[in-house]
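In UniProt numbering, the protein residues as written are 1 to 358. Idealized CB from N, CA, C, for every residue including glycine. Quantities reported herein were computed from a predicted structural model and do not represent experimental measurements.
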Amino acid sequence: MPTRDKHYRCYCTGCCEVDQTGMAKNPPGKLQLERHKAIHLRDTSSLDPATPDARRAAVANLALGIISQRGGTESNIDSLSAALFAASLCDNGPDLDSQPSKLWASREEFQKDATNTNVGVLDITDVVGAVGWISSENIIPGRSDTSQVPSIPSITPSLRPRVDDPTLPRQECSRRTVKAHQVLDSIAARIQAIEQRTLESESMEMRAALWAQLGGVRKALAAVNRRAPSLVSRKDQLFLSLSKLEKQIDEHAKNIDATSKAVKYDSSHHFNYPINRCDEVAQVSVFIGVVSVVLFGLSRRTGEFILGVVSIILTLTFKLLGKSIETLRNHILAQIPMNMNTALQRFNLVTRTTTYAV
């Protein structure tokens with residue numbers, strides 16, 4: 001059965017016959033095919049010569065015309081939405097032809113309307129003074145009273161020589177020396193971070209973590225083995241900072257009260273025997289081998305011999321039952337160990353028994 005063509009009422013500038021003044025000569029619009037909606041609106045957009053102001057006036061007049069046709073003050077939502085959709089789709093946006101070219105226009109043409117922020121230029125003496133003040137201070141954030149804190153030498157980049165200085169020896173200007181100074185900068189930042197965490201630590205676990213971090217920092221510092229004079233002096237300063245920080249951690253740990261409460265420890269895993277995950281036949285076989293060694297006092301080789309004999313007996317028994325249980329046979333035989341050490345592990349008895357050489 002053939003389907004009917006669906007139509008919709010279009011309120012674009014073409015169907016409403018909007019002139020240059022923005023007046024719609026045909027406010028009700030025209031019926032258009034639904035399947036040609038995109039093509040129709042695209043063609044209308046490419047042929048629409050109206051300016052944006054005229055187009056906005058046309059939309060307003062079109063809405064008033066629709067309201068007057070409906071015979072009431074309440075507008076039809078569908079009609080208005082269709083009109084606004086058509087107007088926005090046909091809008092070409094700003095007039096690109098009147099804008100200056102980005103390739104040939106000067107910078108002043110684009111910045112005519114820009115507001116003058118009047119940022120100003122800082123005095124170079126103020127900048128140098130501020131940088132020197134920051135470098136010379138050893139302020140610990142979040143700590144108002146620093147009189148009780150042992151002083152740690154301030155780590156500043158002033159010891160790093162300038163590479164462009166012609167009076168420096170060749171070893172100081174080497175690329176490896178520059179990379180070594182970068183590594184020392186990273187180590188210095190880590191030391192300052194650990195120092196800050198030391199003041200915030202309130203538990204013995206935090207103290208242990210800080211000690212572990214200090215050990216890693218000391219290893220990284222010892223790995224810098226280049227013998228440039230500037231590197232040697234910086235390493236000595238960093239080693240001194242590490243030593244004082246270790247003393248500071250010890251002093252801070254004395255003020256931490258050790259807890260006397262019981263420590264919670266989950267020991268339920270001690271009763272999770274691996275033998276429980278095996279098949280019943282495999283459990284009995286392993287149990288026979290373990291009992292013969294642990295209770296009867298047989299040797300390790302004798303216990304392994306018993307496990308091998310049990311495996312052979314089970315293999316012959318399964319062959320008598322046919323190939324229908326071949327998968328089950330392979331599964332059970334794979335769970336029977338061939339040595340006593342593995343058999344003892346199934347019962348968590350390795351640490352409780354002594355295994356002799358024979």
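N- and C-terminal bounds of the alpha helix (DSSP H) containing Q182: Mapped onto the sequence shown, residue 182 falls at position 182. Segment R175 to E200, the alpha helix (DSSP H) holding Q182.
Buried/exposed call for N118, threshold 16 Cβ in 10 Å: Stepping through the sequence shown from its first residue, residue 118 is reached at position 118. Residue placement at N118 cannot be trusted, given a pLDDT of 49 that sits under 50; what the coordinates show is reported in the next sentence. By the 16-neighbour rule on beta-carbons within 10 angstroms, N118 is exposed.
CB of V293 within 8 Å of CB of M338, strictly: The count along the sequence shown starts at 1 and reaches residue 293 at position 293. The count along the sequence shown starts at 1 and reaches residue 338 at position 338. No, they are not a contact pair.
As assigned by DSSP and simplified to three states, the class of Q237: Translated into positions along the sequence shown, residue 237 becomes position 237. Three-state DSSP puts Q237 in a helix.
Pick from K254, A253, K179 and E200 that is closest to A223, judged by C-alpha positions: Within the sequence shown, residue 223 is the residue found at index 223, counting from 1. The option with the nearest alpha carbon to A223 is K179.
Where the beta strand (DSSP E) containing H331 begins and where it ends: For the purposes of this step, residue 331 is taken as the residue at position 331 of the sequence shown. Counting along the chain, no beta strand (DSSP E) covers H331; the unbroken alpha helix (DSSP H) around it starts and ends at E326 to A334.
Continuous beta strand (DSSP E) stretch holding L31: start and end: The count along the sequence shown starts at 1 and reaches residue 31 at position 31. Annotation: the continuous beta strand (DSSP E) that includes L31 extends over K30 to L33.
Identified DSSP bridge partners for A24: Taking the sequence shown and counting its residues from 1, the one referred to as residue 24 is at position 24. When DSSP reads this structure, A24 sits in a beta bridge with V18.
Residue burial classification, Q248 (beta-carbon count within 10 angstroms, cutoff 16): Locating residue 248 in the sequence shown gives position 248, counting from the first residue. Of the other Cβ atoms in all chains shown, 16 or more fall within 10 Å of the Cβ of Q248; this residue is therefore buried.
Reference R218; option with closest CA among E246, S299 and A208: Locating residue 218 in the sequence shown gives position 218, counting from the first residue. Of E246, S299 and A208, the residue nearest in Cα terms is E246.
Environment of T351 [buried if 16+ CB atoms lie within 10 Å]: The count along the sequence shown starts at 1 and reaches residue 351 at position 351. Exposed, because fewer than 16 other Cβ atoms sit within 10 Å of the Cβ of T351.
Whole-angstrom C-beta distance between Q213 and I187, which should lie under 8 Å: Counted from its first residue, the sequence shown places residue 187 at position 187. Counted from its first residue, the sequence shown places residue 213 at position 213. No, I187 and Q213 are not in contact; Cβ-Cβ is about 11 Å, not under 8 Å.
Per-residue DSSP class, three states only, for R207: The residue given as residue 207 occupies position 207 in the sequence shown. Correct three-state label for R207: helix.
Helix, strand or coil at R170 according to DSSP, with G and I counted as helix: For the purposes of this step, residue 170 is taken as residue 170 along the sequence shown, with counting starting at 1. In the structure shown, the three-state DSSP call for R170 is coil.
Rounded straight-line distance, which links the Cα of F305 to that of A343: Start at 1 with the first residue of the sequence shown, and residue 343 comes out as number 343. Start at 1 with the first residue of the sequence shown, and residue 305 comes out as number 305. Their backbone Cα atoms lie some 13 Å apart in a straight line.
For R4, the three-state DSSP class (helix, strand or coil): Residue 4 sits at position 4 when you count from the first residue of the sequence shown. In the structure shown, R4 sits in coil (DSSP, three-state: anything other than H, G, I, E or B).
The region 226 to 243 / the region 280 to 291 touching (three or more Cβ pairs under 8 Å): By the criterion of at least three beta-carbon pairs nearer than 8 Å, the region 226 to 243 is not in contact with the region 280 to 291.
Inter-residue Cα distance where the pair is H270 and V290: Stepping through the sequence shown from its first residue, residue 270 is reached at position 270. Stepping through the sequence shown from its first residue, residue 290 is reached at position 290. Between the alpha carbons of H270 and V290 lies a distance of about 19 Å.
Classification of S285 by the beta-carbon crowding that lies within 10 angstroms, buried from 16 upward: Taking the sequence shown and counting its residues from 1, one reaches residue 285 at position 285. Buried, since its Cβ has 16 or more Cβ neighbours within 10 Å.
Cutoff 6 Å; reference E34; Cβ partners in own chain excluding five residues on either side: What you label residue 34 is simply residue 34 of the sequence shown in a count that begins at 1. The beta carbon of E34 sits closer than 6 Å to those of K6 and Y8, all from its chain and outside the five residues before and after it, given in chain order.
Backbone CA spacing between N225 and C173 [nearest angstrom]: Your numbering for residue 225 matches position 225 in the sequence shown. Your numbering for residue 173 matches position 173 in the sequence shown. Distance between the alpha carbons of N225 and C173: 16 Å.
Residue burial classification, T315 (beta-carbon count within 10 angstroms, cutoff 16): Your numbering for residue 315 matches position 315 in the sequence shown. Exposed, because fewer than 16 other Cβ atoms sit within 10 Å of the Cβ of T315.
Proximal residues to Y265 (C-beta, below 6 Å), its chain only, five neighbours per side dropped: Translated into positions along the sequence shown, residue 265 becomes position 265. Excluding its 5 nearest sequence neighbours in each direction, Y265 has no C-beta neighbour in its own chain below 6 Å.
Beta carbon of I288 nearer than 8 Å to that of F347: Stepping through the sequence shown from its first residue, residue 288 is reached at position 288. Stepping through the sequence shown from its first residue, residue 347 is reached at position 347. Their beta carbons are not under 8 Å apart, which means I288 does not touch F347 by this criterion.
Own chain, CB closer than 8 Å to L31, minus 5 neighbours either side, in chain order: Translated into the one-based positions of the sequence shown, residue 31 becomes position 31. Contacts found: H7, Y8, R9 and C10.
Whole-angstrom distance between L231 and A209, CA atom to CA atom: One-based indexing of the sequence shown puts residue 209 at position 209. One-based indexing of the sequence shown puts residue 231 at position 231. Between the alpha carbons of A209 and L231 lies a distance of about 28 Å.
DSSP state of residue 376 mapped onto helix, strand, coil: The requested residue 376 is not part of the displayed model; the chain covers only 1 to 358.
Same chain only: Cβ atoms within 6 Å of I332, ignoring 5 sequence neighbours per side: To locate residue 332, count along the sequence shown from 1; it is residue 332. Closer than 6 Å at Cβ, skipping near neighbours: D279, V281 and A282.
Status (buried if at least 16 other CB within 10 Å, exposed otherwise) for T327: Indexing the sequence shown from 1 puts residue 327 at position 327. Exposed is the call here.
CA-to-CA distance, I312 to Q345, given in whole angstroms: Along the sequence shown, read from residue 1 onward, the residue named residue 345 stands at position 345. Along the sequence shown, read from residue 1 onward, the residue named residue 312 stands at position 312. C-alpha separation (whole angstroms): 22 Å.
As assigned by DSSP and simplified to three states, the class of residue 363: For residue 363 there is no data in the structure shown, the boundaries of the chain being 1 and 358.
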